[in-house]
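Chemist: Residue numbers (our numbering), protein chains in the order written: chain A, 100 to 212; chain B, 363 to 477. Think of the CB as a built atom: it goes at the ideal place given N, C-alpha and C, for glycine as much as any other residue. Just dropping this structure here.
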Amino acid sequence: AQSVTQLDSHVSVSEGTPVLLRCNYSSSYSPSLFWYVQHPNKGLQLLLKYTSAATLVKGINGFEAEFKKSETSFHLTKPSAHMSDAAEYFCVVSVSSNYQLIWGAGTKLIIKP
Amino acid sequence: NAGVMQNPRHLVRRRGQEARLRCSPMKGHSHVYWYRQLPEEGLKFMVYLQKENIIDESGMPKERFSAEFPKEGPSILRIQQVVRGDSAAYFCASSPSGISTDTQYFGPGTRLTVL
Numbered sequence: 100a101q102s103v104t105q106l107d108s109h110v111s112v113s114e115g116t117p118v119l120l121r122c123n124y125s126s127s128y129s130p131s132l133f134w135y136v137q138h139p140n141k142g143l144q145l146l147l148k149y150t151s152a153a154t155l156v157k158g159i160n161g162f163e164a165e166f167k168k169s170e171t172s173f174h175l176t177k178p179s180a181h182m183s184d185a186a187e188y189f190c191v192v193s194v195s196s197n198y199q200l201i202w203g204a205g206t207k208l209i210i211k212p
Numbered sequence: 363n364a365g366v367m368q369n370p371r372h373l374v375r376r377r378g379q380e381a382r383l384r385c386s387p388m389k390g391h392s393h394v395y396w397y398r399q400l401p402e403e404g405l406k407f408m409v410y411l412q413k414e415n416i417i418d419e420s421g422m423p424k425e426r427f428s429a430e431f432p433k434e435g436p437s438i439l440r441i442q443q444v445v446r447g448d449s450a451a452y453f454c455a456s457s458p459s460g461i462s463t464d465t466q467y468f469g470p471g472t473r474l475t476v477l
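See below:
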């Protein structure tokens, strides 16, 4: 069975410092992996996705993620946090031949001024 | 090109009433998915539809919930005789095809509150 674990429910960083949001997945098949962001009372926006091409994926707003098969991880990073990055971030996996998206529980990113 | 549209954005119902949630996919997308998000949780898949067909409803509760995607008009998620436990955010997504590498584009969600 496929599953996603986001290791931190909350992450707090100061503006201008690096961001690391951790995600581990479990999948029997070659996965596709996504990060979505949800701002308060807003919809879900795709940040980036991995679909078996380059293992380092660049997304919008300066975010990137690296697929590490040996560690079954897909951590999201950003070199310098901005106040507008405060939101909830979801790591998501889907597997070949299955359109269902499996969602992590989310990580709330808090940016301190 | 308008994105995925959902209405209403907020819906309040009393226990026992019916809730109807609407979703218009992105132009050119014929695949629609419904997800439910309970407080402090990630989204959970409910149902996958193509025009006039339910492809997979394995995530739908067996009773009171139904979904349709008619030939004309939006997809509808219908909840009959709502209970407090149905209070959640319901998100609709659409994609141009049903393969796993396709991006699913999400609407803003409908937040259902059952009093």
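Look up Ser111 of chain A in the DSSP assignment and say whether it is helix, strand or coil.
Modeler: Position 12 of the first sequence, counted from the start, is the residue given in the question as residue 111 of chain A. Of the three classes helix, strand and coil, the one that applies to Ser111 of chain A here is strand, per DSSP.
Chemist: Rounded to the nearest angstrom, what separates Asp184 of chain A and Thr104 of chain A at their Cα positions?
Modeler: Here the question's residue 184 of chain A lines up with position 85 in the first sequence. Here the question's residue 104 of chain A lines up with position 5 in the first sequence. C-alpha separation (whole angstroms): 21 angstroms.
Chemist: Out of A:Ala204, A:Leu147, A:Ser102, A:Gly161, point me to the one whose CA is closest to Val118 of chain A's CA.
Modeler: In the first sequence, residue 118 of chain A corresponds to position 19, counting from 1. When each option's Cα is compared against that of Val118 of chain A, the closest is A:Gly161.
Chemist: Could you work out which residue in A:Lys168, A:Gln144, A:Met182, A:Cys190 is closest to Leu175 of chain A when comparing CA atoms only?
Modeler: Numbered from 1 along the first sequence, position 76 holds the residue referred to as residue 175 of chain A. Per the Cα distances, A:Cys190.
Chemist: For a cutoff of 9 angstroms on Cβ pairs, would you count Phe166 of chain A as touching chain B?
Modeler: Counted from its first residue, the first sequence places residue 166 of chain A at position 67. No, its Cβ sits nowhere closer than 9 angstroms to a Cβ of chain B.
Chemist: Closer than 7 angstroms, Cβ to any Cβ of chain A: which residues of the segment 410 to 424 of chain B, in chain order?
Modeler: Cβ contacts with chain A: Tyr410.
Chemist: Between the C-alpha atoms of Tyr124 of chain A and Phe173 of chain A, what's the straight-line distance to the nearest angstrom?
Modeler: On the first sequence, position 25 is the one that residue 124 of chain A refers to. On the first sequence, position 74 is the one that residue 173 of chain A refers to. So the two alpha carbons sit approximately 8 angstroms from each other.
Chemist: In three-state DSSP terms, what is Ser131 of chain A?
Modeler: The count along the first sequence starts at 1 and reaches residue 131 of chain A at position 32. In this structure, Ser131 of chain A counts as strand in the three-state DSSP scheme.
Chemist: Between Ser156 of chain A and chain B, is any beta-carbon pair separated by less than 9 angstroms?
Modeler: Within the first sequence, the letter at position 57 stands for residue 156 of chain A. Inspection of the sequence shows that residue 156 of chain A is occupied by Val rather than by Ser. Not an interface residue.
Chemist: Quick check: is the beta carbon of Leu474 of chain B nearer than 9 angstroms to any beta carbon in chain A?
Modeler: Start at 1 with the first residue of the second sequence, and residue 474 of chain B comes out as number 112. Not one chain A Cβ lies under 9 angstroms of Leu474 of chain B.
Chemist: What does a CB cutoff of less than 7 angstroms around Gly421 of chain B pick up in its chain, not counting 5 residues either side in sequence?
Modeler: By one-based count along the second sequence, residue 421 of chain B stands at place 59. So the list reads Lys406, Phe407, Met408, Val409, once near-sequence residues are dropped.
Chemist: Who are the neighbours of Pro470 of chain B on chain A, taking C-beta pairs under 9 angstroms?
Modeler: Counting from 1 along the second sequence, the entry for residue 470 of chain B is found at position 108. Within chain A, the residues near Pro470 of chain B are Asn140, Lys141, Gly142, Leu143.
Chemist: Can you tell me whether Glu414 of chain B is buried or exposed? The criterion is at least 16 other CB atoms within 10 Å of its CB, across all chains shown.
Modeler: To locate residue 414 of chain B, count along the second sequence from 1; it is residue 52. Burial call: exposed.
Chemist: Quick check on the burial criterion: 16 or more other C-beta atoms within 10 angstroms. Buried or exposed for Ala153 of chain A?
Modeler: Mapped onto the first sequence, residue 153 of chain A falls at position 54. Counting Cβ neighbours within 10 Å, Ala153 of chain A comes out exposed, since fewer than 16 surround it.
Chemist: Between Val191 of chain A and chain B, is there a C-beta pair that is closer than 9 angstroms?
Modeler: For the purposes of this step, residue 191 of chain A is taken as the residue at position 92 of the first sequence. Closer than 9 angstroms: yes.
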